[in-house]
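So the structure is just underneath, and the comments pick up after that.
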Amino acid sequence: MSRNAESTAFRSALEVIRAVEPRVADAIGAELTDQRESLKLIASENYASPATLLAMGNWFSDKYAEGTVGRRFYAGCQNVDTVEALAAEHARELFGAAHAYVQPHSGIDANLVAFWAVLADRVESPALKKAQVRQVNDLTEADWFALRRELGNQRMLGMSLDAGGHLTHGFRPNISGKMFDQRSYGTDPETGLIDYDRVAEAAREFKPLILVGGYSAYPRKVNFRILREIADSVGATFMVDMAHFAGLVAGKVFTGDFDPVPHAHIVTTTTHKSLRGPRGGMVLCQPELADQVDRGCPMVLGGPLPHVMAAKAVALAEARRPDFADYAQRIVDNSQALAEGLLSRGAKLVTGGTDNHLVLIDVSGYGLTGRQAEQALLDSGIVTNRNSVPQDPNGAWYTSGIRIGTPALTTRGLGTAEMDQTAELIHTVLTQTTAGANADGTPSKAKYTLDPALADKVARQATDLLTPFPLYPAIDLA
Ligand code: PLP
């Protein structure tokens, strides 16, 4: 394909948009400029390919298609069937999964589909048959009470938030925290690593209906074989949310015990993080859960987004190419180089390093909160996000950590040498930032001082670092 085709496609699209609402066209153009100029280290972001982006911007968006492939509640869905079937086929092949459901609009939605599928499946369990409940839809209020008694109030055991778990794994600000009684497993206070014996102990005590593996901010591999054994030992369903590291599973960096798909009953993911697809979610599962999973819409999802499913099919096809495995390995090489660069300059890292796509800096070592560090780095052209560290004394708002990840910069082509330079820039900013004080003299968790001239200098160095690695090099909007 000619490089010109991409430029022409995006330029023409903006021209069409500009004729209706020029401010939207301007904002889209400005977003490209901003993304090109910033050192993006947000662990959950990436840059989707032009083909993936273009697959989303079309008339598939106009179509209603409730139901599943070949069984729709709307007429005229033959082309939606084509793209949904393709996306599901690519997903099954890529991950070696028995079943793939590609309709979820986001990671949260994928988790909700999975939770409901597990609950609905358990309704058919022998223990509940005696309550004469056949379908989760038929449950009355009284049945729900019976169900709670039978299943121990739908208990969920997942990773604690400050150890790197996600809000959707049974925490209060998310509906999962209302659907389930939640208990968390944390990490070992010395090593920062998951202690599987402690997880097993918690499972024995708590007897969860669902054991959840997966994380948003844990910088290490997880042994899913062991977690499955723990789930089996207490009769729990084992679910893994691989939203963050799906790209590493797809690229065969995580195999064997570290690949969740052969071990879990059900796996959820987003498609836009390390997997580098469109914003969206997906559920993979064992055959026995497939029927319940396919009821995601209308049970918890609105109508499917055919334009996004088309983009998922494109991105998953890309992830099946041999060069994606190379990309996935480079993500981890870069992450380890970044960790090494920080450690050698004296930074404190949670778990002392990484074996995935992310690094968690404990910025208390610099005398800062996560909020101060995040803002000082942003002033210097480095985009990160603050994150709790295990047993965080500063809570989930101010935090004591900065989470950084390499999927996006790796897509641009930056390598291990640039990661060392990135570590130098981060370390310079954090050592030169000082925590501020409130008006009454007490220490502030938000205020900080950083010489603006230094911030400007680092921002220029960050731009220089990016210059040899243009983002979307074939796209010229001028
Ligand atoms: N699960 C995990 C582990 C995540 O990290 C995230 C997003 O940060 C989600 C689910 C939710 O994804 P989304 O923002 O697409 O709903």
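Using this note's numbering, read the sequence shown as starting at 40 and increasing by one per residue. All C-beta atoms, glycine included, are put in the ideal place defined by N, C-alpha and C. No experiment lies behind these values; they were computed from the predicted model shown.
| Check | Outcome |
| --- | --- |
| Residue 511 and residue 89: beta carbons closer than 8 Å? | yes |
| What does a CB cutoff of less than 6 Å around residue 216 pick up in its chain, not counting 5 residues either side in sequence? | 209 and 210 |
| Hey, residue 31 and residue 129: beta-carbon distance below 8 Å or not? | Only positions 40 to 517 of the chain appear in the structure, and residue 31 is not among them; the question remains open. |
| Can you look up residue 56 in the DSSP assignment and give me helix, strand or coil? | helix |
| In the segment 393-470, which residue ranges form an unbroken alpha helix (DSSP H) of at least 4 residues, counting only runs that do not cross its ends? | 409-418, 434-437 and 446-451 |
| Could you tell me the distance, in whole angstroms, from the CA atom of residue 461 to the CA atom of residue 455? | 10 Å |
| For a test of the three-state rule: what should DSSP assign to residue 116, helix, strand or coil? | coil |
| Determine the burial state of residue 436: buried for a count of at least 16 other Cβ atoms within 10 Å of its Cβ, exposed for fewer. | exposed |
| At the level of alpha carbons, what is the spacing between residue 149 and residue 493? | 43 Å |
| Go ahead and pull the three-state DSSP assignment for residue 91. | helix |
| For residue 346, write down the residues that DSSP places opposite it in a beta bridge. | According to DSSP, residue 346 bridges with nothing at all. |
| Can you tell me whether DSSP reads residue 494 as helix, strand or coil? | helix |
| Just to confirm, does residue 253 get its C-beta within under 7 Å of one of the non-hydrogen atoms of ligand 1? | yes |
| Mark residue 430 as exposed unless 16 or more other C-beta atoms lie within 10 angstroms of its C-beta, in which case mark it buried. | exposed |
| Rounded C-beta distance between residue 518 and residue 248? I'm assuming under 8 Å. | What the structure shows of the chain is the stretch from 40 to 517, and residue 518 is not part of that stretch, so it cannot be assessed. |
| Rounded to whole angstroms, how far is the Cβ of residue 370 from the Cβ of residue 438, which I believe are closer than 8 Å? | That belief does not hold up - the Cβ atoms of residue 370 and residue 438 are roughly 24 Å apart, past 8 Å. |
| If we ignore side chains and look at the alpha-carbon of each, how far apart do residue 300 and residue 58 end up? | 47 Å |
| Run through DSSP, which three-state label would residue 110 get? | strand |
| Check whether the Cβ of residue 201 lies closer than 7 Å to any heavy atom of ligand 1, and answer yes or no. | no |
| Who are the Cβ neighbours of residue 443 in its own chain at under 6 Å, not counting the five residues just before and after it? | 80, 398 and 423 |
| Give every residue of the same chain whose Cβ lies closer than 6 Å to the Cβ of residue 381, excluding the five residues on either side of it in the sequence, and list them in chain order. | 462 |
| Label residue 101 either buried or exposed according to how many other C-beta atoms from any shown protein chain fall within 10 Å of its C-beta, with 16 as the threshold for buried. | exposed |
| Do you know offhand how far residue 45's Cα is from residue 368's? | 27 Å |
| Nearest-angstrom Cα distance between residue 274 and residue 246? | 8 Å |
| Over the uninterrupted alpha helix (DSSP H) stretch that includes residue 39, give me the two end residues. | Missing from the structure shown is residue 39; the chain here goes from 40 to 517 and no further. |
| Going by the DSSP bridge assignment, what does residue 253 pair with across the sheet? | 280 |
| May I ask whether a heavy atom of ligand 1 can be found less than 7 Å away from the beta carbon of residue 370? | no |
| Against chain C, does residue 160 count as a neighbour if the rule is that its beta carbon must be under 8 Å from one of theirs? | Included in the structure is just one protein chain, with no chain C present. |
| Write down the C-beta distance between residue 242 and residue 269 rounded to the nearest angstrom, noting that I regard them as a contact closer than 8 Å. | 5 Å |
| I'd like to confirm something about residue 83: is its beta-carbon nearer than 7 Å to some heavy atom of ligand 1, or not? | yes |
| Closer than 8 Å by C-beta to residue 281: which residues in its own chain qualify, once you throw out the five before and the five after it? Chain order, please. | 253, 288, 299, 306, 307 and 308 |
| Indicate, with yes or no, if ligand 1 has a heavy atom lying under 7 Å from the CB of residue 207. | yes |
| In angstroms with no decimal places, state the Cα-to-Cα distance between residue 297 and residue 478. | 50 Å |
| Can you pull the DSSP bridge partners for residue 221? | 195 |
| By a C-beta neighbour count over all protein chains shown, 10 Å radius and 16 as the cutoff for buried, is residue 221 buried or exposed? | buried |
| Output yes or no for whether 8 Å exceeds the beta carbon distance between residue 315 and residue 286. | yes |
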